Amino acid sequence: MEESIRWLQEKRIQKTLKALRGRGFRAHYFSAPTSAAQWVLEEARDATFIGVGGSVTVRELGVVEVLQEQGKTLFDHWQVEDPHEALKVRRSQLTCDLFLSGINAVTESGEIVNMDGSGNRVAAMAFGPRKVILVGGINKLVSNLDEAYRRIRRIAAPVNAHRLGLKTPCAKGGECTDCDSPQRICNVSLVLHRRPIFSDVAVVLIGRSMGY
Ligand code: SF4
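Number 213 marks the last residue of the sequence shown (our numbering); no jumps.
What follows is the structure, encoded as structure tokens:
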């Protein structure tokens, strides 16, 4: 049974990789996070200024600490407490050499879907950084755009809102009410239908559940 599930996952992953490549993205699959992390670090070798989007998956990979030890300049607003400084860091992410982020959902037909509260993450994914690497676990794979948005509203946003201690209905009750909360984190959505003209976007899929 376990083997059959792995077989099915493999089929979905291969279909998604092929679709992503067909849309102009570089796309890679690693069964283990450690191999994915190695690949990311290799890609980061010639980057000096590295932006880190708000992503649990990127932190789970363990690359942030390594890049810091290597002496890279990181623009990581999660490491900055002062709100004004954090805003500056978010702006710096838009012109960095390499932007690392997670994925809210990726469809089997190769579309990458993300939703933000402030929009800095999706802005950097679309234009600005010389290179963009988006990492996502197998849990981010969905059939189509409808399922992608459902996943974001039912899982990614409530879990993240709860993790951040936000005052949103989903952070309290676990369900999306399409709220008008000042702390709403579903304000800006981006679908990368194909590789943006001036961007080098690589997608790294990992064969286990990561992030939300
Ligand atoms: S719209 Fe509001 S309630 Fe719905 S998931 Fe987003 S933050 Fe939560």
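Cβ atoms here follow ideal geometry from the backbone N, Cα and C, with glycine treated the same way. Fair warning: this is a prediction, and the values are worked out from it, not measured in the lab.
* **Closest residue to Ser119 among Pro159, Gln184, Glu109, Ala157 (Cα-Cα distance)** => Comparing Cα positions, the closest option is Gln184.
* To do: Report the residue from Val192, Val189, Leu167 whose alpha carbon sits nearest the alpha carbon of Ser182.
  => Leu167
* In angstroms, rounded to a whole number, what distance separates the CA positions of Arg60 and Gln15? -> Between Arg60 and Gln15, the alpha-carbon positions lie close to 25 Å from each other.
* Asked: So, using beta-carbon positions, are Val41 and Leu62 closer together than 8 Å?
  -> yes
* Asked: Taking contact to mean at least 3 C-beta pairs separated by less than 8 Å, is the region 64 to 80 in contact with the region 107 to 115?
  -> no
* Residues near Ile51 by beta carbon distance below 8 Å, same chain, minus five either side -> If we look at Ile51 and ignore the five residues flanking it on each side, its Cβ neighbours are Ala45, Leu68, Lys73, Thr74, Leu75, Phe76, Cys97, Asp98, Leu99, Phe100, Leu101.
* Asked: Around the C-beta of Gly175, are 16 or more other C-beta atoms found within 10 angstroms, so that it is buried, or is it exposed?
  -> exposed
* Would you report the Cα separation of Val204 and Glu4, rounded to the nearest angstrom? -> 26 Å
* Asked: Would the beta-carbon of Thr169 be found less than 7 Å away from any heavy atom of ligand 1?
  -> yes
* Asked: Is the distance from the Cβ of Gly25 to the Cβ of Arg164 below 8 Å?
  -> no
* Closest by C-alpha distance to Asn105, when choosing among Asp47, Ala158, Lys132, Ala162 -> Ala158
* Met211 and Asn140: beta carbons closer than 8 Å? -> yes
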